[in-house]
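Chains W and L, in that order, give the protein sequences. If you're matching positions, the first sequence starts at 0 in numbering that gives the first Met the number 0 and goes up one per residue. If you're matching positions, the second sequence starts at 0 in numbering that gives the first Met the number 0 and goes up one per residue. For every residue, glycine included, the Cβ atom is placed at its ideal position computed from N, Cα and C. Computed from a predicted structure; not experimentally measured.
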Amino acid sequence: MDPAVELENIVKRYGRILAVDNISLTVEKNTFYSILGPSGCGKTTLLRLIAGLEIPDSGVIKMNGTVVNKVPPEKRGLGLVFQGTAVFPHLNVFDNVAYGLRMRKVPKHEIVERVLEVLRLVNLQPEIYASRRVDQLSGGERQRVEIARSLVLKPRVLLLDEPLGPLDLKIRQKMQAELKRLQKSTATTFIYVTHDQTEALSLSDRVAVMRNGGIVQVGTPEEIYNKPVDQFVADFIGESNLLEGRISGGVFETDGLPPITLREYDGVNGKRMLAIRPERIEVMDAEKLENRVKGVIVDKTYQGVYTVLKVSVSENLTLTVYVTRPDVARRLVVGDHVMLGWRSSDCVVVGAQ
Amino acid sequence: MLLLPATVFYMIFFIIPFFISLGVALGVFLPSDAQISRGEIITLRYFEQTFDRIFLLVLLRSLLLASMTTVACLLIAYPMAYYIAVKAEKYKSFLLILVIIPLWVTFLLRAYALLTLLGPEGFLNGILIGLGIIEEPLYLIYNERAVLLGMVYSYIPLAILPLYSTLTRLNKSVIEASRVLGAGPVKTFVKVTLPITKPGVLAAVILTFIPAAGEFVVPSLLGGPDDVYVGTLVYNAFLAARNWNWGAAMSIVYISVVLIGVVLYLRLVGEELRV
Chain W
0 MDPAVELENI VKRYGRILAV DNISLTVEKN TFYSILGPSG CGKTTLLRLI
50 AGLEIPDSGV IKMNGTVVNK VPPEKRGLGL VFQGTAVFPH LNVFDNVAYG
100 LRMRKVPKHE IVERVLEVLR LVNLQPEIYA SRRVDQLSGG ERQRVEIARS
150 LVLKPRVLLL DEPLGPLDLK IRQKMQAELK RLQKSTATTF IYVTHDQTEA
200 LSLSDRVAVM RNGGIVQVGT PEEIYNKPVD QFVADFIGES NLLEGRISGG
250 VFETDGLPPI TLREYDGVNG KRMLAIRPER IEVMDAEKLE NRVKGVIVDK
300 TYQGVYTVLK VSVSENLTLT VYVTRPDVAR RLVVGDHVML GWRSSDCVVV
350 GAQ
Chain L
0 MLLLPATVFY MIFFIIPFFI SLGVALGVFL PSDAQISRGE IITLRYFEQT
50 FDRIFLLVLL RSLLLASMTT VACLLIAYPM AYYIAVKAEK YKSFLLILVI
100 IPLWVTFLLR AYALLTLLGP EGFLNGILIG LGIIEEPLYL IYNERAVLLG
150 MVYSYIPLAI LPLYSTLTRL NKSVIEASRV LGAGPVKTFV KVTLPITKPG
200 VLAAVILTFI PAAGEFVVPS LLGGPDDVYV GTLVYNAFLA ARNWNWGAAM
250 SIVYISVVLI GVVLYLRLVG EELRV
């Protein structure tokens with residue numbers, strides 16, 4: 000079965016800036032595919048190239064197996080939800096959603112049917128919302144109108160460019176869940192651009208991490224999180240303790256920590272980097288774990304869901320630890336001596352395959 | 000409270016002068032000697048004098064000229080404003096300055112420039128004759144065509160600015176959204192761009208039509224002896240005939256007609272002005 004979207008060696012320059020540097024990727028049908036990266040990495044440009052709003056300098060874009068480089072945006076069978084809404088301010092909700100259908104000269108009764116159906120799908124009850132003017136809506140409602148406007152055309156692929164950026168946390172979380180549900184229930188391929196790695200990890204079937212115009216790693220959220228391919232990915236995705244050291248004979252050695260025996264390590268020896276996630280380091284009952292080190296708490300920050308501790312274990316090494324249990328977190332104060340422990344299986348050699 | 004400066008300005012420069020003119024037109028202020036001897040405090044004779052066939056024809060002609068000027072200005076100014084606001088990235092400020100500069104040069108000089116360019120011994124005729132395209136010079140000045148040309152020439156900057164103002168605030172994503180949803184460039188313009196920029200268009204129409212209807216400098220410099228408009232009549236009443244009451248009456252009638260016309264137009268085109 001042909002993939003929904005295929006990019007082969009796409010390059011795009013703006014003057015002297017190389018926005019997209021020889022990118023190739025494949026998006027399978029009916030997946031939620033995220034393109035994740037910091038601001039300015041080129042992800043919006045990439046999305047616009049897929050949409051047909053920009054033309055690549057070189058490379059091939061295929062949809063459903065067909066080359067679409069010369070096909071204009073309106074004929075590519077996709078929907079596009081913009082960063083910061085682009086609903087038509089001079090039309091009400093119904094007319095906004097019906098716009099694409101009217102362009103296709105769909106018969107009137109069918110338009111009404113489909114618009115009402117899709118409004119219910121995005122949880123905007125037609126009885127209340129259909130005749131509302133767009134400037135009377137909240138940010139979340141406007142975003143849903145824009146999504147409805149694209150979905151009503153039953154596109155094969157829906158492109159979303161950081162659609163939840165300006166929304167409050169609670170609404171954003173609610174919308175994230177809705178987007179996931181919509182993707183599954185309409186069996187559409189979603190290509191979702193974002194700089195928020197929590198969002199990407201929680202929503203996607205696959206994630207492509209971008210940096211400076213290039214793709215650094217592609218994989219499932221678990222792969223990206225647990226097996227980062229380089230320091231950038233390890234650092235960008237969640238927080239990590241990144242340790243530089245040497246591996247020989249399956250043992251990782253670094254200043255400030257006892258040697259860590261890595262089970263089943265068959266990668267390259269020599270100078271390597273090890274990543275340990277802060278939530279995988281225990282501060283209670285550490286004696287039971289294979290790797291232990293003593294340290295002093297030098298910083299404690301309450302962050303609601305967890306408490307962040309900075310523990311100094313040697314002259315130049317401070318580890319970051321997340322404590323989720325509130326009773327434990329409450330008891331610890333800056334200056335306490337603690338024993339930290341972690342499993343070898345929670346250590347990831349960055350870049351190992 | 001915030002409206003106070005605007006209200007004061009409006010009172011000083013429009014409401015009060017309007018009522019003063021009305022007073023003059025009714026003979027309440029500046030009564031003529033004949034009127035004083037008759038002992039009339041208010042009279043309608045000046046308004047009667049105004050409602051004669053010639054004045055009404057001239058008024059109609061002025062409105063027609065103002066309409067043609069407005070339409071021509073819109074047709075030229077809109078694409079220019081669109082280009083500057085939407086397409087010209089690097090040269091935007093430069094182009095805006097080019098648009099505004101003519102407003103600083105008094106129209107008198109620009110009118111003479113036009114006369115020189117289009118006159119029988121002027122630049123344009125010189126080239127056409129020199130190239131052998133015509134034998135006799137074209138009569139391009141001191142007639143109605145020259146007046147229209149001069150009007151459009153002077154009013155275009157006034158039309159461009161409000162159009163530019165709404166067009167810069169146009170969200171480009173909305174245009175792209177329309178394209179992706181299946182509307183070609185023409186449909187997008189008609190169904191999206193134009194409705195959204197309506198406030199700018201309305202402002203441009205008003206800013207052009209109202210002053211154009213009363214214009215008398217352009218016709219007097221560029222027009223022939225037959226090119227008489229309302230402005231000319233009022234000017235002559237005040238300065239040639241020295242009949243201020245009559246001049247005032249004509250002004251009041253003209254202002255009322257134009258204002259009523261504009262209000263009707265706005266009602267017709269609908270919506271509050273959200274500029």
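- [ ] Keeping to the same chain, check which residues put their C-beta closer than 7 Å to that of Phe-31/W; ignore five residues upstream and five downstream.
- [x] Lys-179, Gln-182, Phe-189, Tyr-191, Leu-202, Ser-203, Asp-204
Notebook entry, point to check: Using the beta-carbon of each residue, which ones in chain A are nearer than 7 Å to Pro-194/L?
Noted result: Looking at the structure shown, chain A is missing, and the protein chains on hand are W and L.
In DSSP terms, what Pro-106/L is bridged to
Note that residue 106/L corresponds to Phe in the displayed sequence, not to Pro. None, per the DSSP bridge assignment.
Requested in this report: Compute the beta-carbon to beta-carbon distance between Val-96/W and Ala-147/W, rounded to the nearest angstrom, for a pair I have assumed lies under 8 Å.
Outcome: 5 Å
(request) Assuming Gly-51/W and Arg-75/W form a contact by the criterion Cβ under 8 Å, report the distance between their Cβ atoms to the nearest whole angstrom. (result) With a Cβ gap of about 5 Å, Gly-51/W and Arg-75/W count as contacting.
Inset, instruction - With 8 Å as the limit, tell me which residues of the region 102-119 of chain W have their beta carbon closer than that to any beta carbon of chain L; keep them in chain order. - result: Flagged, chain order: Met-102, Arg-103.
Would you mind telling me which residues of chain L sit closer than 7 Å to Tyr-98/W, beta carbon to beta carbon, in chain order? Leu-180
Exercise. From this set, Gly-39/W, Ala-233/W, Met-102/W, Leu-35/W, which residue's C-alpha is nearest Gly-181/L's C-alpha?
Worked result: Met-102/W
Exercise. What is the DSSP secondary structure of Tyr-138/L, counted as helix, strand or coil?
Worked result: coil
- Compare the C-beta of Ser-92/L against all C-beta atoms of chain W and say whether one is closer than 8 Å. no
Open item on the list: Using beta carbons (cut-off 8 Å, strictly below), is Ala-176/L in contact with chain W?
Closed with: yes
- Task: Please check if any C-beta of chain L sits within less than 8 Å of the C-beta of Tyr-191/W.
- Result: no
- request: From the DSSP output, read off the bridge partner residues of Arg-210/W.
  value: BP columns for Arg-210/W point to Gly-213/W.
Point to revise | Chain-ordered neighbours of Pro-72/W on chain L, where CB pairs are closer than 7 Å | key: Arg-178, Val-179
Check your understanding: Looking at the unbroken alpha helix (DSSP H) that takes in Ser-344/W, where does it start and where does it end?
Key -> Careful: Ser-344/W lies outside any alpha helix (DSSP H) and carries neither H nor E.
Notebook entry, point to check: By how many angstroms is the C-alpha of Val-257/L removed from the C-alpha of Leu-123/L?
Noted result: 36 Å
Using the Cα positions of Arg-263/W and Val-114/W, report the straight-line distance between them to the nearest angstrom.
A quick correction: the sequence has Glu, not Arg, at residue 263/W. Looking at the two C-alpha atoms, the distance is approximately 56 Å.
Next item on the list: Indicate whether at least one CB of chain L lies closer than 8 Å to the CB of Ala-147/W.
Entry: no
Problem - Anticipated Cβ contact below 8 Å, Gly-350/W with Val-228/W, distance rounded - result: 6 Å
TODO: Check Ser-203/W in the structure and name its three-state DSSP category.
DONE: coil
| request: List the residues of chain W whose Cβ lies closer than 7 Å to the Cβ of Val-173/L, in chain order. | output: Ala-85, Phe-87
Arg-155/W vs Thr-187/W beta-carbon contact at 8 Å: yes
task = Please state whether DSSP places Tyr-177/L in a helix, a strand or coil.
result = Per the sequence shown, residue 177/L should be read as Ser rather than Tyr. In this structure, Ser-177/L counts as helix in the three-state DSSP scheme.
Give the DSSP-derived three-state secondary structure of Ser-130/W in the structure shown. coil
ask   = What does Lys-299/W pair with, by DSSP beta-bridge criteria?
value = Leu-308/W
- Pick helix, strand or coil for Met-249/L, following the three-state DSSP scheme. helix
Handout entry: Residue environment, Arg-52/L, which counts as buried when at least 16 other CB atoms sit within 10 Å
Key = Exposure of Arg-52/L is indicated by the presence of fewer than 16 other C-beta atoms within 10 angstroms of its C-beta.
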